[in-house]
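Numbering (our numbering), first residue to last: 22 to 904.
A virtual CB, placed ideally from N, CA and C, is assigned to each residue, including glycine.
Worksheet: one structure, shown below.
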Amino acid sequence: MSSSHKRKNSHLFLQRKNSSSFNMEDIELNEFPSGANSSDNPRIVVDPPPSPSTQENGNVSNSSLRSRGIMGSWRRYRARSMLFFSIVLILLLFLVPFHIVKSTADLQKNAENIYSARSFDIDNVLNGDFSYSEKSFHFIQPPPETVKIHEEDPGLYLTLQEDGNNDYTMFAKQLYDKHFSKRLGTNKFQYQDKEYVVQKARVSYNLDKIIFATDLEPEFRHSSHGLYWIYDVETEQVLPISPYPSLSLTPISYAHFSPNFNYAYFVHDNDLYIQSIHTKNYANRLTTDGSFNILNGKPDWIYEEEVLADEKAVWWCPNDSKLIFAKFDDSEVNTYSFPRYINNDNMFPQSEEIKYPKPGSFNPKFELYMLDLGSGVISLLNTMESAEGDWGEDYILYDAIWVSPDAFLFKISDRSSQKLIVRVYDTKDDSIETIYTLDYKKFDGWVEKTKNVVPLTPMEEHGRSEYGYLDILPDENGFNHIFYFARFSDASGVQITRGNWEVANQGIIGYEYGTNSVFFLANINGPMTQQLYTVTFNRGDANSVKILQNPDKKNDFYDFKLSPSCRYAVAKKLGTGIPATIAGDLFDVLDTDTAKDNKVIRLTDDTDLQKSLQRYDLPITSYKSMALDDGTEVNYAEIKPRFLDANKKCPVLVESYAGPGSQSYFTKFNVFFQQAVSSRLHAIVLLVEPRGTGGKGWKFKSWAKNKIGYWEPRDITEVTRKFIKMNQQFIDKERIAIWGWSYGGFTALKTIEYDAGQTFNYAMAVAPVTNWTYYDSIYTERYMGLPKDNTHGYRDLATIKGFKSFEKIRKLFVVHGTADDNVHIQNTYEFVDHLNSLGINNYDMHIFPDSDHTIHFHNAQKVVFSKLYQWLRDAFVGHLTPR
Numbered sequence: 022m023s024s025s026h027k028r029k030n031s032h033l034f035l036q037r038k039n040s041s042s043f044n045m046e047d048i049e050l051n052e053f054p055s056g057a058n059s060s061d062n063p064r065i066v067v068d069p070p071p072s073p074s075t076q077e078n079g080n081v082s083n084s085s086l087r088s089r090g091i092m093g094s095w096r097r098y099r100a101r102s103m104l105f106f107s108i109v110l111i112l113l114l115f116l117v118p119f120h121i122v123k124s125t126a127d128l129q130k131n132a133e134n135i136y137s138a139r140s141f142d143i144d145n146v147l148n149g150d151f152s153y154s155e156k157s158f159h160f161i162q163p164p165p166e167t168v169k170i171h172e173e174d175p176g177l178y179l180t181l182q183e184d185g186n187n188d189y190t191m192f193a194k195q196l197y198d199k200h201f202s203k204r205l206g207t208n209k210f211q212y213q214d215k216e217y218v219v220q221k222a223r224v225s226y227n228l229d230k231i232i233f234a235t236d237l238e239p240e241f242r243h244s245s246h247g248l249y250w251i252y253d254v255e256t257e258q259v260l261p262i263s264p265y266p267s268l269s270l271t272p273i274s275y276a277h278f279s280p281n282f283n284y285a286y287f288v289h290d291n292d293l294y295i296q297s298i299h300t301k302n303y304a305n306r307l308t309t310d311g312s313f314n315i316l317n318g319k320p321d322w323i324y325e326e327e328v329l330a331d332e333k334a335v336w337w338c339p340n341d342s343k344l345i346f347a348k349f350d351d352s353e354v355n356t357y358s359f360p361r362y363i364n365n366d367n368m369f370p371q372s373e374e375i376k377y378p379k380p381g382s383f384n385p386k387f388e389l390y391m392l393d394l395g396s397g398v399i400s401l402l403n404t405m406e407s408a409e410g411d412w413g414e415d416y417i418l419y420d421a422i423w424v425s426p427d428a429f430l431f432k433i434s435d436r437s438s439q440k441l442i443v444r445v446y447d448t449k450d451d452s453i454e455t456i457y458t459l460d461y462k463k464f465d466g467w468v469e470k471t472k473n474v475v476p477l478t479p480m481e482e483h484g485r486s487e488y489g490y491l492d493i494l495p496d497e498n499g500f501n502h503i504f505y506f507a508r509f510s511d512a513s514g515v516q517i518t519r520g521n522w523e524v525a526n527q528g529i530i531g532y533e534y535g536t537n538s539v540f541f542l543a544n545i546n547g548p549m550t551q552q553l554y555t556v557t558f559n560r561g562d563a564n565s566v567k568i569l570q571n572p573d574k575k576n577d578f579y580d581f582k583l584s585p586s587c588r589y590a591v592a593k594k595l596g597t598g599i600p601a602t603i604a605g606d607l608f609d610v611l612d613t614d615t616a617k618d619n620k621v622i623r624l625t626d627d628t629d630l631q632k633s634l635q636r637y638d639l640p641i642t643s644y645k646s647m648a649l650d651d652g653t654e655v656n657y658a659e660i661k662p663r664f665l666d667a668n669k670k671c672p673v674l675v676e677s678y679a680g681p682g683s684q685s686y687f688t689k690f691n692v693f694f695q696q697a698v699s700s701r702l703h704a705i706v707l708l709v710e711p712r713g714t715g716g717k718g719w720k721f722k723s724w725a726k727n728k729i730g731y732w733e734p735r736d737i738t739e740v741t742r743k744f745i746k747m748n749q750q751f752i753d754k755e756r757i758a759i760w761g762w763s764y765g766g767f768t769a770l771k772t773i774e775y776d777a778g779q780t781f782n783y784a785m786a787v788a789p790v791t792n793w794t795y796y797d798s799i800y801t802e803r804y805m806g807l808p809k810d811n812t813h814g815y816r817d818l819a820t821i822k823g824f825k826s827f828e829k830i831r832k833l834f835v836v837h838g839t840a841d842d843n844v845h846i847q848n849t850y851e852f853v854d855h856l857n858s859l860g861i862n863n864y865d866m867h868i869f870p871d872s873d874h875t876i877h878f879h880n881a882q883k884v885v886f887s888k889l890y891q892w893l894r895d896a897f898v899g900h901l902t903p904r
């Protein structure tokens, strides 16, 4: 998700400071003009009622037969007729079933033909019929604390000019001076008689140096390795970034600039290096113990996936004088090995290994080290004091940031993510102090991945004499809100937003020094929406929150990115309606629909999408909530065919991810698998957010605590049953399916286990967890605790075990990739083995060789969605039968 923008004095719409939680009324959105009722596209009526027959034709009474004098021959006629009718009856016993089958097939074929006139399928989606493109636009970030006010901010950005044949030229431009344009180079260069193609570019703010990345190979979700280069814009000279003085071409994990663009730093073979940008000095190696088990400046698998969500673990102070890096020790962490089958000419599969801790097993250890570039000394920080808890070395680093040139703030938790301790290292006196502790047990919750902390420089005119910061924390009512810390040493912050809603996305997206205002994205208008807001505070006093966008468009979903001073912005409207991205002055881009073309840069090209919207009838998406029997309100989205025919009952597909604290469904424009199912298969699709999911505060999230696998199936089943009952005139109860991917795959299987065929007839599970003791430790223990402390939860709730339920549905489809580093294929294999052992064989399975959790290796992503769609189509037309 993204960022946000702001500015002073304009049409700011006042939002009540203590607004109550949003009542999720039924909102029906027609995302686009249909065109279906235009004169050249007449609506087709399926199965019209038969016209009434006339009595005169073909009905002859007994009295008329008598009057014609033929009753005397009746007995002879009856004897001959009895033989004739007996023969006809025997023939009919054989012919009628054939006729019925043929007629049914013809009806299905005819129905498909009728609905395919303006419907679309998964091939249309995968072939890009509904895609749109955006011009490249990226703000170039200045050194910290250098661009604070509007007058200092030119809105400098990087963009690409397409030259044809996949050739591009990079330009730096300004939003302030429309005539400013500096050519930075192209996306291709020669080095030692070989051509390289740029895949990433990081530009210094003074536009003299660029870090290029080429030949990138992905590793895990955020990481990769490849060749990195330093490019001099003026001389057009390019040199490799290398750990060796010879500058030999060597793949490294990443390369980044320091905040002031004086240094480049990178990791090679899990050791951290640094080199000056402005001298010819070679790279300095800061660590020497990097190995498979020891990682310096780079997170291991679980920290990358579950905590830091980054390829790097290095934090520079704002003035480039110091840096702190993390060292991760995986020596005691168990190793997961999996084969790589597609190895070109190798006769035997190669094995790949990752360090992967599971619940209750050894976790990685970490240490923090500081390099003082003035003295060249590296020192170890005392991250934890034994007096603060009997945690030993078993704790988790959740976040870290420099909040001043001399103060480094970091957050750590116990192993099960129940208590968060915030500490500050003051480099001036070489001391570490615990600032405050937050115990999530009071919410019956857990420590979440933290949103970005925003450092604030001293501003006497705003009553801030020292460095402070802004943070996102749960308030006393359990909603995530903005808190202001006037000093980095303050033990508590002042709450500056409040209400039964949450600061969304990555939290705060900008701070404007001139007005002392904070810009943030929030879901005030409902958990599925997101819009831009601002709050101005003085000395930490809470003021009214103001919405910057049209308050009448309550269902819109926006993302924003702001320039350093918040003067300029990139606005992304993601829904409702057709997506659009524009850039310009913040207050000119607040509404992408009404923005004036002479004031903004329009970045979206939706030509192909617009053509498809004229050609196809897209389904209608409605955003709703449902009260369950115990009074709990559950949000869901309904996707239904644009034209429902009362004479043709619809199948239903239910989808849910349902991971604790997650949110999967928003008021965003989307045309993908779900919409293709609704359109061509004439199905209703339900997207359900059960108890335990996010966006509604801890009261709703905490249902998941220690109970993974309990509320998800119950809520989904109840929502589905109630929905069927409310819409029974449109729904075919014999064609109800559920599906999900990853946690959603677990949810789908758990729902079938719970429902046992009473509601659902079919299920599809992609890369499912089937036993949470097989998943990684940090994620699982965050919600379930240690296995030894929650035996019932792990054994009875967080494991698929009611296998007999699966023989009560018509068919199951299971999909997994053999190289899934996230949810190991062990989950699927063990689950299927249980089915086999019980003689349950009403399932299909598709295994994708060498695909990871995203299932994309060798065209697999296109294949997997085609396969899911085809399987579901066959289920809904009755072609899938139990073996």
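Problem set entry | beta strand (DSSP E) runs contained entirely in the stretch 487 to 521, provided each spans 3 or more residues | Listed in chain order, the complete beta strand (DSSP E) runs (minimum 3 residues) inside the stretch 487 to 521 are 489 to 495, 501 to 506.
Exercise. Taking the beta strand (DSSP E) that I295 falls in, what are its first and last residues?
Worked result: As a first step, residue 295 is located in the sequence shown; it is residue number 274 there, counting from the start. Where I295 is concerned, the enclosing beta strand (DSSP E) starts and stops at 292 to 297.
Problem set entry | Separation of S245 from E373, as counted between CA atoms | Locating residue 373 in the sequence shown gives position 352, counting from the first residue. Locating residue 245 in the sequence shown gives position 224, counting from the first residue. Distance from the CA atom of E373 to the CA atom of S245, rounded to whole angstroms, is 15 Å.
Problem set entry | Inter-residue spacing [alpha-carbon to alpha-carbon] between L394 and F359 | Translated into the one-based positions of the sequence shown, residue 394 becomes position 373. Translated into the one-based positions of the sequence shown, residue 359 becomes position 338. Rounded to the nearest angstrom, the two C-alpha atoms are 42 Å apart.
For this session: Can you grab the Cα-Cα spacing for the pair V836 / A334, in whole Å?
Result: Residue numbering aside, residue 836 sits at position 815 when the sequence shown is read from its first letter. Residue numbering aside, residue 334 sits at position 313 when the sequence shown is read from its first letter. A direct Cα-to-Cα measurement between V836 and A334 gives close to 34 Å.
Exercise. When you compare only the Cα positions, how much space is there between F751 and L553?
Worked result: As a first step, residue 751 is located in the sequence shown; it is residue number 730 there, counting from the start. As a first step, residue 553 is located in the sequence shown; it is residue number 532 there, counting from the start. Near 39 Å, if we compare the C-alpha coordinates of L553 and F751.
For this session: Count the other CB atoms, across all protein chains shown, that sit within 10 Å of the CB of I517; report buried if there are 16 or more and exposed otherwise.
Result: Numbered from its first residue, the sequence shown carries residue 517 at position 496. Answer is buried; the Cβ neighbour count reaches 16.
Exercise. So does the stretch 390 to 405 actually touch the stretch 862 to 881, counting three or more Cβ pairs closer than 8 Å?
Worked result: Between the stretch 390 to 405 and the stretch 862 to 881 there are fewer than three C-beta pairs closer than 8 Å, too few to call the two in contact.
Problem set entry | Cutoff 7 Å; reference P339; Cβ partners in own chain excluding five residues on either side | Within the sequence shown, the letter at position 318 stands for residue 339. These residues qualify, in order along the chain: P165, E166, P280, W423, P426.
Problem set entry | Exposed unless 16 or more other CB atoms sit within 10 angstroms - verdict on V398 | On the sequence shown, residue 398 is found 377 positions in, with the first residue counted as 1. When all chains shown are included, V398 counts as exposed.
Exercise. Which stretch, first to last residue, makes up the alpha helix (DSSP H) that contains A881?
Worked result: Counting from one through the sequence shown, the residue named residue 881 turns up at place 860. Element bounds for A881: 881 to 897.
Exercise. Sorted by chain position, which residues of the same chain lie with C-beta nearer than 6 Å to M866's C-beta, five sequence neighbours on each side aside?
Worked result: Walking along the sequence shown from the start, residue 866 turns up at place 845. In chain order, V835 place their CB closer than 6 Å to the CB of M866, counting only its own chain and leaving out the 5 sequence neighbours on each side.
Exercise. Quick one: what's got a C-beta closer than 7 Å to A648's C-beta in the same chain, skipping five residues either side?
Worked result: Sequence index remark: in the sequence shown, residue 648 carries index 627 (1-based). Taken in chain order, the residues that qualify are E654.
Problem set entry | Spatial neighbours of K20 in its chain, beta-carbon cut-off 7 Å, leaving aside the 5 residues before and after | Residue 20 lies beyond the range of the chain shown here (22 to 904); nothing can be said about it.
For this session: Check whether the Cβ atoms of D797 and I493 lie closer than 7 Å to each other.
Result: Locating residue 797 in the sequence shown gives position 776, where the first residue counts as 1. Locating residue 493 in the sequence shown gives position 472, where the first residue counts as 1. Not closer than 7 Å, so no.
Problem set entry | Residue burial classification, P572 (beta-carbon count within 10 angstroms, cutoff 16) | Taking the first residue of the sequence shown as position 1, residue 572 is located at position 551. Burial state of P572 is exposed, judged by a 10 Å Cβ sphere holding fewer than 16 other Cβ atoms.
Problem set entry | Whole-angstrom distance between V556 and I532, CA atom to CA atom | Against the sequence shown, residue 532 aligns to sequence position 511. Against the sequence shown, residue 556 aligns to sequence position 535. With the sequence shown as reference, residue 532 is identified as Tyr, and Ile is not the correct amino acid for it. The straight-line gap from Cα to Cα measures roughly 10 Å.
For this session: On the DSSP bridge assignment, give the partners of A786 in chain order.
Result: Within the sequence shown, the letter at position 765 stands for residue 786. In the DSSP output, where bridge partners are listed per residue, A786 has G761, V835.
Exercise. Anyone know if the C-beta pair for H171 and S586 falls short of 7 Å?
Worked result: Locating residue 171 in the sequence shown gives position 150, counting from the first residue. Locating residue 586 in the sequence shown gives position 565, counting from the first residue. A Cβ-Cβ contact shorter than 7 Å links H171 with S586.
Problem set entry | Of the listed residues T875, K582, P734, nearest to F160 (C-alpha basis) | Translated into positions along the sequence shown, residue 160 becomes position 139. Comparing Cα-Cα distances from F160 to each of T875, K582, P734, the minimum goes to K582.
Problem set entry | Alpha-carbon spacing of M405 relative to T309, whole angstroms | As a first step, residue 405 must be located in the sequence shown, where it is residue number 384. As a first step, residue 309 must be located in the sequence shown, where it is residue number 288. Roughly 25 Å between the two C-alpha positions.
Problem set entry | Environment of S152 [buried if 16+ CB atoms lie within 10 Å] | In the sequence shown, counting from the first residue as 1, residue 152 sits at position 131. Label assigned to S152: exposed.
Exercise. Expressed to the nearest angstrom, what Euclidean distance is found between the alpha-carbon atoms of F452 and I568?
Worked result: Residue numbering aside, residue 452 sits at position 431 when the sequence shown is read from its first letter. Residue numbering aside, residue 568 sits at position 547 when the sequence shown is read from its first letter. Checking the displayed sequence, the identity of residue 452 turns out to be Ser instead of Phe. CA-to-CA, the gap between S452 and I568 works out to about 42 Å.
Exercise. To which residues does DSSP link M480 through a beta bridge?
Worked result: Translated into the one-based positions of the sequence shown, residue 480 becomes position 459. R485, per the DSSP bridge assignment.
Problem set entry | Same chain, Cβ closer than 7 Å to N656, neighbours up to 5 away in sequence not counted | On the sequence shown, position 635 is the one that residue 656 refers to. For N656, where only same-chain residues beyond five positions count, the Cβ hits under 7 Å are M45, P548, M549, S646, E710.
Exercise. How big is the Cα-Cα spacing for F158 and I298?
Worked result: Position 137 of the sequence shown, counted from the first residue, corresponds to residue 158. Position 277 of the sequence shown, counted from the first residue, corresponds to residue 298. CA-CA distance, F158 to I298, rounds to 25 Å.
Exercise. Assuming E733 contacts T791 under a Cβ cut-off of 8 Å, what Cβ separation, rounded to an integer in Å, is found between them?
Worked result: The residue given as residue 733 occupies position 712 in the sequence shown. The residue given as residue 791 occupies position 770 in the sequence shown. At roughly 14 Å, the Cβ-Cβ gap does not stay under 8 Å, so E733 and T791 are not in contact.
For this session: Over the uninterrupted beta strand (DSSP E) stretch that includes D629, give me the two end residues.
Result: Sequence index remark: in the sequence shown, residue 629 carries index 608 (1-based). For D629, there is no enclosing beta strand (DSSP E); the residue is found in the alpha helix (DSSP H) stretching over 628 to 636.
Exercise. Between T613 and S154, what straight-line distance do the alpha-carbon atoms span, to the nearest angstrom?
Worked result: Along the sequence shown, read from residue 1 onward, the residue named residue 613 stands at position 592. Along the sequence shown, read from residue 1 onward, the residue named residue 154 stands at position 133. So the two alpha carbons sit approximately 16 Å from each other.
For this session: Let me know the secondary structure DSSP gives A138 once reduced to three states.
Result: By 1-based counting over the sequence shown, the position of residue 138 is 117. Under the three-state reduction of DSSP output, A138 falls in the coil class, being neither helix nor strand.
Exercise. Hey, how far is the Cα of P266 from the Cα of K301?
Worked result: Within the sequence shown, numbered from 1, the residue matching residue 266 stands at position 245. Within the sequence shown, numbered from 1, the residue matching residue 301 stands at position 280. Going by the C-alpha atoms only, they are around 11 Å apart.
For this session: Determine contact between the stretch 825 to 832 and the stretch 853 to 872, defined as no fewer than three beta-carbon pairs at a distance below 8 Å.
Result: Counting Cβ pairs under 8 Å, three or more are found: they touch.
For this session: Can you give me the Cβ contacts of T874 inside the same chain, cut-off strictly under 8 Å, excluding the 5 residues immediately before and after it?
Result: Here residue 874 corresponds to residue number 853 of the sequence shown, with the count starting at 1. Residue identity check: residue 874 is His in the sequence provided, not Thr. The beta carbon of H874 sits closer than 8 Å to the beta carbons of S763, A788, G838, D841, D842, N843, V844 from its chain, once the five residues preceding and following it are set aside; these are given in chain order.
Problem set entry | Candidates N473, F506, K470, L459: closest to P479 by CA position | Counting from one through the sequence shown, the residue named residue 479 turns up at place 458. With respect to the C-alpha of P479, the residue from N473, F506, K470, L459 having the closest C-alpha is F506.
For this session: Please report the residue range of the alpha helix (DSSP H) in which K720 lies.
Result: Taking the first residue of the sequence shown as position 1, residue 720 is located at position 699. Element bounds for K720: 719 to 722.
Exercise. Would Q551 be called buried (16 or more neighbouring beta carbons within 10 Å of its own) or exposed?
Worked result: Here residue 551 refers to the residue found at position 530 when the sequence shown is read from its first residue. Buried.
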